[in-house]
Amino acid sequence: MQCMSAPTRADADRAHARFRWVDIGVPSVRNLRHVSGGRAVVWFLLGLSSLPLHLFYNSTIFSSLGAFKYDVFSANEAFAADPTTDDLQIKGSFRYDVNGDTIEGSTLLESVHRDKLEKLGVNDCITKYAQSYQTNYGNLFLVVSNSTSDYDTAEPVVGFEARDVPIDWYFGTNGVPFEWICRDSSCTGGFTLANCETFLPCITSNLADWKPFKKSIEYCLGEKIEGHCQLAYSIHLAIVVLLIGAGKTSLMLYIAFRFKERPLLTIGDAVASYLQRPDMYTQRACLVGRKEVQKEFQTGNIMGQRKQYVQKPVRRYRAASIMRMGVLVLAFIIIFAASMFLLWYGVNQTTGLESRSAVWKLGLGAVNSSTLIAWNIPGRGVRSLITNVVVANSPQLVFSFLYLTMNGLATTMSLASEWSRFAISRKGLRVSIDPKGSQRSSYFLQLPFRLGLPLMVMCGTMHWLISQSLFLVSVDVYDLRDSSKGTSPVDDESYITCGYSPVAILATILVGTFAFAAIIALGWKRLKSGMPVAGSCSAAIAAACQPGSAPYRVEAAWEKVQWGVMGTSYVEPGHCGFSMDHVDLPEDGKFYE
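Residue numbers (UniProt numbering): 1 to 593.
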């Protein structure tokens, strides 16, 4: 895209004739009005094809989480002493709310692996079952005290309290999946049980008063189940990614083999061009910098601008426009604030953990039922998949915008640093294509490797961390009561949602903040000389390449050059420019044109 928006010498000349300038050596959107329509179309297609890749690529392969239906029973201590006994007294039966069918208690108990029951304290019982998606435990027995009515007996007794938790309740209107935990609790204070999770701290701090189904609980027996998980892929997303990838590859092959124009990709390309053929619109304005060009072009009077030389080098950020700096700072502040808020909100929304601090032990990108998002986005089918994928990967687009801004700023400051060194030492120009004589080959576009490689590593790291922060999760529901469905998910009840990782979100914030601080620190460094800051401004670059009163020499573009006072320095006013011959350093406070 930077190649397609880079101007040719003809583009720059046309812009100067209209008292405008173009960007050279940096990513630029403003150049699109000056380049040919074909290049603008290719630039647009390259950018447009990146959108679906950012949105779909990371979620083409995704993980699934197995969620178990479970029933809640109540039982006395005689049952808890020997859960595997067949000599049971069954109290009551469960009636379906939908079709009115009645299920006998003995039928419900047939699917319970009573030899796998694990004793849980009251607090552990609440913690492990207060989850939107139950992934490690199945059926639950609430062991009531002997003082509870109808349970004061030495015979093993089992009663029935709730069925098909949490799936049926999740899609129904009875509140959150673990609503039964808050039932009949004094902590709810009459509020709707749809916000049961808000009352969990109160319930866990008053365990003696916890009486679900109006029964005092001594402890619980939870059916320990081996979790189910899978790695899945979407054929729909794979096709989209492959087609977009093929299209983007075709565009890049076109640029590599069919693109015939010679754009000015680096400042070396521009200086070489203006040394061979000086610009006719920027004569006798050798000390004009980017800011002065913008001002003088508005009045249409840039030629013959006598300026005073200031020897003290300025800081690198002066090479960037206020707009470029402002967009980066504002974007970072907004993204940082939004990320911190989402981190705080996500940590406070976790359920089913022993404590809030346990959320930091889940790991990067860990799929856990405590950090899955329960929302009203369609839960099944391709529509749900696409919707959740777009939500999960929207941060990738946001970061891409921030990265392009950072990359543009880093490129501008790197360009200014290389530019200022021409006043210190003589060297060959760094050009993008076919170096000749003392010319040198270019960096990748304008960024030196010492900046480009760390930026690329940071970019890849951030994209990966973002993919671990918010991600697609398929929730596969298993009905353990049905032996034919116990090993495969129930399609009608499985659904797709998004999960998040607080650890990954925090890591993303820290890495992003470090990268932003590094860019700011880079901009605070001073340039090597007091050479006027041209930045990426084509007119300022052209003004610095004027031969002055001396005839220009075409071969200077291929030799080692230096910027300084050309000719005799005692002539008033002097002239500064690039020359293959000897040049003197400008004097502080002296005027040049």
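Just so it is clear, CB atoms sit at the ideal spot from N, CA and C, and this is done for glycine as well.
key: Helix, strand or coil at K485 according to DSSP, with G and I counted as helix   = Here residue 485 refers to the residue found at position 485 of the sequence shown. Bear in mind that the predicted position of K485 carries a pLDDT of just 45, short of 50, making it unreliable; the figure below should be weighed with that in mind. The answer is coil: DSSP assigns K485 none of H, G, I, E or B.
task = Measure the alpha-carbon distance for A272 versus N407 and round it to whole angstroms.
result = Taking the sequence shown and counting its residues from 1, one reaches residue 272 at position 272. Taking the sequence shown and counting its residues from 1, one reaches residue 407 at position 407. Approximately 25 angstroms, taken between the alpha carbons.
ask   = Taking DSSP as the reference, what is the three-state secondary structure of H575?
value = The sequence position of residue 575 within the sequence shown is 575, counting from 1. Of the three classes helix, strand and coil, the one that applies to H575 here is strand, per DSSP.
Identity of the residue in E555, K560, A550 nearest G567 by Cα = Translated into the one-based positions of the sequence shown, residue 567 becomes position 567. Cα-wise, what sits closest to G567 is A550.
message = Nearest by alpha-carbon distance to R20: which of Q546, L53, F141, A539 is it?
response = Residue 20 sits at position 20 when you count from the first residue of the sequence shown. Nearest of Q546, L53, F141, A539 to R20, Cα basis: A539.
query = Since E77 is in the beta strand (DSSP E), which residue starts that stretch and which ends it?
reply = Residue 77 sits at position 77 when you count from the first residue of the sequence shown. Unbroken run through E77 is the alpha helix (DSSP H), 77-81; no beta strand (DSSP E).
inquiry  = Measuring alpha carbon to alpha carbon, tell me which residue in A238, Y129, G159, D13 is nearest Y57.
reply    = Within the sequence shown, numbered from 1, the residue matching residue 57 stands at position 57. Comparing Cα-Cα distances from Y57 to each of A238, Y129, G159, D13, the minimum goes to A238.
task = Use the C-beta contact count for N393: other C-beta atoms within 10 angstroms, 16 or more gives buried, fewer gives exposed.
result = For the purposes of this step, residue 393 is taken as the residue at position 393 of the sequence shown. By the neighbour-count rule (16 or more Cβ atoms within 10 Å), N393 is buried.
request  = With DSSP as the reference, please indicate the residues paired to I90 in a beta bridge.
outcome  = Residue mapping note: residue 90 aligns to position 90 of the sequence shown, counting from 1. Looking at the DSSP assignment, I90 forms a beta bridge with V158.
ask   = For D11, which beta-bridge partners are listed by DSSP?
value = For the purposes of this step, residue 11 is identified with residue 11 of the sequence shown, where counting begins at 1. BP columns for D11 are empty, so no partner.
query = Just checking my contact of M303 with Q283 at CB under 8 angstroms: how many whole Å lie between their CB atoms?
reply = For the purposes of this step, residue 303 is taken as the residue at position 303 of the sequence shown. For the purposes of this step, residue 283 is taken as the residue at position 283 of the sequence shown. That belief holds up - the Cβ atoms of M303 and Q283 are roughly 5 angstroms apart, short of 8 angstroms.
Stretch pair the region 405-424 + the region 503-523: three plus CB contacts closer than 8 angstroms = yes
inquiry  = Do S369 and T135 have their beta-carbon atoms positioned less than 7 angstroms apart in this structure?
reply    = Translated into the one-based positions of the sequence shown, residue 135 becomes position 135. Translated into the one-based positions of the sequence shown, residue 369 becomes position 369. Closer than 7 angstroms, so yes.
Counted within 10 angstroms of its Cβ, other Cβ atoms place C229 as buried (16 or more) or exposed = The residue labelled residue 229 in the question sits at position 229 within the sequence shown. Label assigned to C229: exposed.
ask   = Excluding five sequence neighbours on each side, which residues of the same chain lie with their C-beta closer than 8 angstroms to the C-beta of L362?
value = Translated into the one-based positions of the sequence shown, residue 362 becomes position 362. Around L362: N368, S370, T371, S501, P502, V503.
Distance between beta carbons of L447 and S400, contact taken as under 8 angstroms = Residue mapping note: residue 400 aligns to position 400 of the sequence shown, counting from 1. Residue mapping note: residue 447 aligns to position 447 of the sequence shown, counting from 1. The pair is not a contact, with the Cβ atoms about 17 angstroms apart (cut-off 8 angstroms).
key: Under 7 angstroms between C-beta atoms of P586 and V561   = Residue mapping note: residue 586 aligns to position 586 of the sequence shown, counting from 1. Residue mapping note: residue 561 aligns to position 561 of the sequence shown, counting from 1. No.
task = Compare the beta carbon distance of T60 and Y233 with 7 angstroms and say whether it is the shorter of the two.
result = One-based indexing of the sequence shown puts residue 60 at position 60. One-based indexing of the sequence shown puts residue 233 at position 233. A contact, by the Cβ cut-off of 7 angstroms.
key: Buried versus exposed call for S64 [16 or more other C-beta atoms within 10 Å across all chains shown]   = Walking along the sequence shown from the start, residue 64 turns up at place 64. Flag for S64 reads buried.
request  = Out of L53, C125, A75, point me to the one whose CA is closest to R114's CA.
outcome  = Locating residue 114 in the sequence shown gives position 114, where the first residue counts as 1. Ranking L53, C125, A75 by Cα distance to R114 puts A75 first.
key: Close-in-space but distant-in-sequence residues of the same chain around G289 (CB under 7 angstroms, 5 per side omitted)   = Translated into the one-based positions of the sequence shown, residue 289 becomes position 289. The residues are P532, V533, A534, A540.
message = Please state the DSSP three-state secondary structure of I217.
response = Here residue 217 corresponds to residue number 217 of the sequence shown, with the count starting at 1. Note: I217 maps to strand in three-state DSSP.
task = Go through its chain and collect everything with a Cβ distance to G38's Cβ below 6 angstroms, but skip five positions before and after it.
result = Counted from its first residue, the sequence shown places residue 38 at position 38. Result list for G38: empty, nothing under 6 angstroms.
query = At what residues does the alpha helix (DSSP H) containing D269 begin and finish?
reply = Counted from its first residue, the sequence shown places residue 269 at position 269. It spans 267-276 - the alpha helix (DSSP H) in which D269 sits, taken as one unbroken run.
query = Leaving out the 5 sequence neighbours to the left and right, which residues in its chain are closer than 8 angstroms to W524 when beta-carbon positions are compared?
reply = Residue mapping note: residue 524 aligns to position 524 of the sequence shown, counting from 1. Hits under 8 angstroms: R315, R316, Y317.
Start-to-end residues for the beta strand (DSSP E) that takes in F68 = Locating residue 68 in the sequence shown gives position 68, counting from the first residue. From DSSP, the beta strand (DSSP E) with F68 extends over 61-68.
query = Which residue from S474, G159, S5 puts its Cα closest to that of F44?
reply = Sequence index remark: in the sequence shown, residue 44 carries index 44 (1-based). Among S474, G159, S5, the Cα nearest to that of F44 belongs to S5.
request  = Could you round the C-beta distance between D584 and Q311 to whole angstroms and report it? I think they count as a contact, below 8 angstroms.
outcome  = Working through the sequence shown from its first residue, we reach residue 584 at position 584. Working through the sequence shown from its first residue, we reach residue 311 at position 311. Actually they do not touch by this definition, with Cβ atoms about 13 angstroms apart.
request  = State the beta-bridge partners of G567 as determined by DSSP.
outcome  = Indexing the sequence shown from 1 puts residue 567 at position 567. None; G567 has no bridge partner.
Option nearest residue 666 by Cα separation, candidates I505, G247, T204, D71 = Summary: the structure shown does not reach residue 666, with the chain confined to residues 1 through 593, and so no result is reported for it.
task = Tell whether a beta-carbon distance below 7 angstroms holds between D13 and H34.
result = Within the sequence shown, the letter at position 13 stands for residue 13. Within the sequence shown, the letter at position 34 stands for residue 34. Not a contact, by the Cβ cut-off of 7 angstroms.
Closest by C-alpha distance to P27, when choosing among S474, Q2, T8, S50 = Taking the sequence shown and counting its residues from 1, one reaches residue 27 at position 27. Closest by alpha carbon: Q2.
inquiry  = If I measure Cβ to Cβ from C125 and keep anything under 6 angstroms in the same chain, skipping five residues before and after, which residues do I get?
reply    = Sequence index remark: in the sequence shown, residue 125 carries index 125 (1-based). Contacts found: C220.
inquiry  = Taking the beta carbon of F514 as the centre, do at least 16 other beta carbons fall within 10 Å, making it buried, or is it exposed?
reply    = The residue given as residue 514 occupies position 514 in the sequence shown. Exposed, by the Cβ-count rule.
query = Which of the three DSSP states, helix, strand or coil, is assigned to K291?
reply = The sequence position of residue 291 within the sequence shown is 291, counting from 1. Three-state result, K291: helix.
request  = Report the residue from A320, W464, K307, H236 whose alpha carbon sits nearest the alpha carbon of R383.
outcome  = Start at 1 with the first residue of the sequence shown, and residue 383 comes out as number 383. If we check each option's Cα against that of R383, H236 comes out closest.
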